[in-house]
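Take the sequence shown: its position 6, counting from 1, is numbered 6 in the UniProt record's numbering, and each next residue is one higher. Quick notes on the structure that follows.
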Amino acid sequence: MEQTKHLPLSLYGLEAETIAEILSLTKNFQAKQIFNWLVKGVYTFEAMTDLPKAERERLSSLMSSACSSSIHTSETDESGATKMGIRLHDGKVVECVLLVDKKGRHTACLSSQVGCAQGCTFCRTGTMGLFRNLSAEEIIEQYIHLLSASKQPITHIVYMGMGEPLANIAPVTRSIRYFHNPKTFNISLRRITVSTCGVVPGILKLAEQKLPVKLAVSLVSADNRLRDRIMPVNQTWDIMTLKKALLHYQRLGGKRFTIEYCMLGNTNTDEISAKKLASYVRDLDVIVNLIPWNPAEELPYQTPTEEEIDHFTLLLDRLHVNYTRRRSRGREINGACGQLAVPINKGLDLDYESMVDEDDE
Ligand code: SF4
1 MEQTKHLPLS LYGLEAETIA EILSLTKNFQ AKQIFNWLVK GVYTFEAMTD
51 LPKAERERLS SLMSSACSSS IHTSETDESG ATKMGIRLHD GKVVECVLLV
101 DKKGRHTACL SSQVGCAQGC TFCRTGTMGL FRNLSAEEII EQYIHLLSAS
151 KQPITHIVYM GMGEPLANIA PVTRSIRYFH NPKTFNISLR RITVSTCGVV
201 PGILKLAEQK LPVKLAVSLV SADNRLRDRI MPVNQTWDIM TLKKALLHYQ
251 RLGGKRFTIE YCMLGNTNTD EISAKKLASY VRDLDVIVNL IPWNPAEELP
301 YQTPTEEEID HFTLLLDRLH VNYTRRRSRG REINGACGQL AVPINKGLDL
351 DYESMVDEDD E
């Protein structure tokens, strides 16, 4: 085996020029051919049929695959949603989902970390702790694996899988630039949503980078004491610090974002919670996305009753809050990151409408 260069685990996310250098290609157009095959989801050199046979053999002896991960499990439900467990090079598994909505839009829901350090108490991933960050290549490869199961192009991306994307911002933004690149998938930034539990430095960095993706901010409560308990991130960046960061993001051209309000029965659905929420969002250009919490037996919450939800929305109506309400159909992802950490045999818990704006064609 040729051992002249240190080879990366994956060629995803690299420009053709870098691929040429890494693989010691003498013809630059061959690097472009490889780049194009990778975008099509072909990552074994023997399958890159427009390369000369001898070159394919040389490259295969260098790297058995240009992709560092593989599909570990895959299951599709009756709505057409496919949930995959992706095995990483070190044996860890992350989850990603291909969602197909009523309008036929195909959305990839991607993980950004193995586990998560944020510890939100309503989230299954939060109970796992953080194992490690994903690299940009590993994020991109999730999309590539989902593409192999999709009958149509995947036109929307939500970073709402395992992990807090803004706690792993450099690989996440690198993957966003890759997806947005006209030479790859040319996905519009307004079709890319990054969720966050409120990691303020990440929001500020995203604003500085002028990468106007959509933000989905998981608020859950506009009361500091309650939010401290439900989302430990609030003990570092409280709701007013978060609000300042959001206003800054909007001032610097960030697109309209959503406030994700996961409704927890008998916890954040009373009149005081509604008033605090109304006052919090008053000067933000924002839509509040109300999502009833989906039950998870190991977590200490309950799904709000229909009456509780009706009452809360009535209060918000009176307070002139701009909100959308997602009906619970028992198969929801809670509109926040991390809700994918469900054992696969428990089925798919998905509500893609909470992830993709209805006005987005
Ligand atoms: S909701 Fe998101 S940020 Fe919070 S613990 Fe879950 S994965 Fe982490």
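Note that beta-carbon positions come from the ideal geometry of N, C-alpha and C, so glycine has one too. Nothing here was measured: the structure is a model prediction, and the numbers come from that model.
At a cut-off of 7 Å, would you count residue i as near ligand 1, judging by its Cβ distance to the nearest heavy atom?
i, result
"Q142", "no"
"C123", "yes"
"M162", "yes"
"G126", "yes"
"Q118", "yes"
"C197", "yes"
"S221", "no"
"residue 363", "Within the shown structure, residues of the chain are numbered from 1 to 361, placing residue 363 beyond reach of any answer."
Quick check on DSSP: helix, strand or coil for residue i?
i, result
"N268", "coil"
"L98", "strand"
"K83", "strand"
"Q113", "strand"
"G126", "helix"
"I259", "strand"
"Y323", "strand"
"L316", "helix"
"L215", "strand"
"F108", "The residue you asked about is not Phe; residue 108 is Ala in the sequence shown. Strand, per DSSP."
"D351", "Residue confidence for D351 is low, a pLDDT of 41 falling below 50, so the modelled location carries little weight; the figure read from the coordinates is stated next. Coil."
"A16", "helix"
"F185", "coil"
"V220", "coil"
"S70", "strand"
"N133", "strand"
"residue 367", "Here the chain comprises residues numbered 1 to 361, so residue 367 is not present and cannot be evaluated."
"I176", "helix"
"V194", "strand"
"I139", "helix"
"P292", "strand"
Applying the 10 Å Cβ sphere with the 16-neighbour rule, what's the burial state of residue i?
i, result
"S135", "buried"
"P295", "exposed"
"T26", "exposed"
"G115", "buried"
"S70", "exposed"
"H6", "exposed"
"M240", "exposed"
"T269", "buried"
"S188", "exposed"
"P292", "buried"
"T73", "exposed"
"F179", "buried"
"I333", "Confidence in I333 is poor, its pLDDT being 40 and thus under 50, which makes the residue's placement unreliable; the coordinate value appears in the next sentence. Counting Cβ neighbours within 10 Å, I333 comes out buried, since at least 16 surround it."
"K214", "buried"
"D285", "exposed"
"Q235", "exposed"
Report the CB separation of residue i from residue j in whole angstroms; it is logged as a contact under 8 Å.
i, j, result
"G41", "S111", "No, G41 and S111 are not in contact; Cβ-Cβ is about 19 Å, not under 8 Å."
"I140", "S175", "5 Å"
"G265", "Y301", "7 Å"
"G233", "V199", "The residue asked about is misnamed: residue 233 is Val in this sequence, not Gly. Going by Cβ atoms, the distance from V233 to V199 rounds to 7 Å, so yes, they are a contact pair."
"T313", "L290", "7 Å"
"A54", "K32", "Not quite, the Cβ-Cβ distance comes to about 19 Å (not below 8 Å), so this is no contact."
Are residue i and residue j touching if we call contact CB-CB under 8 Å?
i, j, result
"C109", "V93", "no"
"Q113", "N133", "yes"
"T44", "S65", "yes"
"residue 370", "L147", "What is shown of the chain runs 1 to 361, which leaves residue 370 out entirely."
"A216", "E164", "no"
"K276", "L319", "no"
"E137", "Y12", "yes"
"I230", "T76", "no"
"S150", "C67", "no"
"Y159", "I203", "no"
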